[in-house]
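Residue numbers (this note's numbering): 1 to 244. Heads up, the beta-carbon is just placed ideally off N, CA and C, and yes, glycines get one too. Have a look at the structure below before the remarks.
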């Protein structure tokens, strides 16, 4: 039986927002990976709709499924669902990297994690989001007011999660994540010298929990022309910054 923290069960059971912003039939992604085992977390905006839908917009099913859906756990709403259905949603999040992860997105971050002796694939690292819902349209195409609505609803869960679990390091992928962390989680980051590395910039600090935070300005998945050399440079810089 899955040992499911009460605060996570409460988040999974919270009703989806109105307005048709959330992928139909999807479930909240409380983490990619097992937060109870992870020492390092990466942070993003929200899950991709590709975690639930194929390129034609159809729900992933059977062996193609990455996470549980309302259909796969046999309920119409998680708010009053049997506890076993909620556990299945949580367990699918825990086992994400052992099932069918979206490697095209996560494997670039995995290269950074390896530099700090962590990995998504051995449960020593996980990925968290400011918003736990996958949206359709995708995040960048939502209106500013819809983005604010989703963040205000989901941010308290993330804040509690960072306080509740035993993370040692939080990594921020790209300038957008760095700014979001400072704005929404109240952390103050300082730019570190990163000379000789072209367009790369590095930021570091500690939050009010004492958690070490390191970020960089280039989104590994969204920025054009990110080279393997640049990813290696970021990984080496993150490794050095972790000790400062």
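If you run the structure through DSSP and keep just helix, strand and coil, what is residue i?
| i | result |
| --- | --- |
| residue 11 | helix |
| residue 169 | strand |
| residue 184 | helix |
| residue 22 | strand |
| residue 127 | strand |
| residue 52 | coil |
| residue 243 | coil |
Which whole-angstrom value is the C-beta distance of residue i and residue j, which I expect to be below 8 Å?
| i | j | result |
| --- | --- | --- |
| residue 127 | residue 44 | 7 Å |
| residue 35 | residue 129 | About 12 Å separates the two Cβ atoms, so there is no contact after all. |
| residue 203 | residue 237 | Not quite, the Cβ-Cβ distance comes to about 10 Å (not below 8 Å), so this is no contact. |
| residue 218 | residue 112 | That pair is no contact at about 11 Å. |
Quick one: what's got a C-beta closer than 7 Å to residue i's C-beta in the same chain, skipping five residues either side?
| i | result |
| --- | --- |
| residue 168 | 39, 40, 212 |
| residue 102 | 48, 50, 51, 66 |
| residue 239 | 115, 116 |
Hey, quick one: how far does the beta strand (DSSP E) through residue i stretch, first residue to last?
| i | result |
| --- | --- |
| residue 203 | 202–206 |
| residue 41 | 40–44 |
Within a Cβ cutoff of 8 Å, which residues of the same chain sit near residue i, ignoring the five residues on either side of it in sequence?
| i | result |
| --- | --- |
| residue 3 | 36 |
| residue 63 | 100 |
| residue 22 | 16, 133, 134, 135, 136 |
With respect to the alpha helix (DSSP H) encompassing residue i, which residues constitute its N-terminal and C-terminal limits?
| i | result |
| --- | --- |
| residue 213 | First-last for residue 213: 212–216, but that is the beta strand (DSSP E), not the alpha helix (DSSP H). |
| residue 191 | Where residue 191 is concerned, there is no enclosing alpha helix (DSSP H), although the beta strand (DSSP E) it sits in stretches over 190–192. |
| residue 105 | 103–115 |
| residue 71 | 70–73 |
| residue 160 | 144–164 |
| residue 88 | 83–94 |
Below 7 Å, is the gap between the Cβ of residue i and the nearest heavy atom of the ligand COA?
| i | result |
| --- | --- |
| residue 43 | Of the ligands one can find in the structure shown there are none, so the ligand COA has no counterpart to examine. |
Against chain D, with Cβ distances strictly below 8 Å, would residue i count as a contact?
| i | result |
| --- | --- |
| residue 170 | Given the protein chain composition of this structure (a single chain), no chain D is represented. |
According to DSSP, what are the bridge partners of residue i?
| i | result |
| --- | --- |
| residue 135 | 22 |
| residue 59 | 53 |
| residue 97 | None, per the DSSP bridge assignment. |
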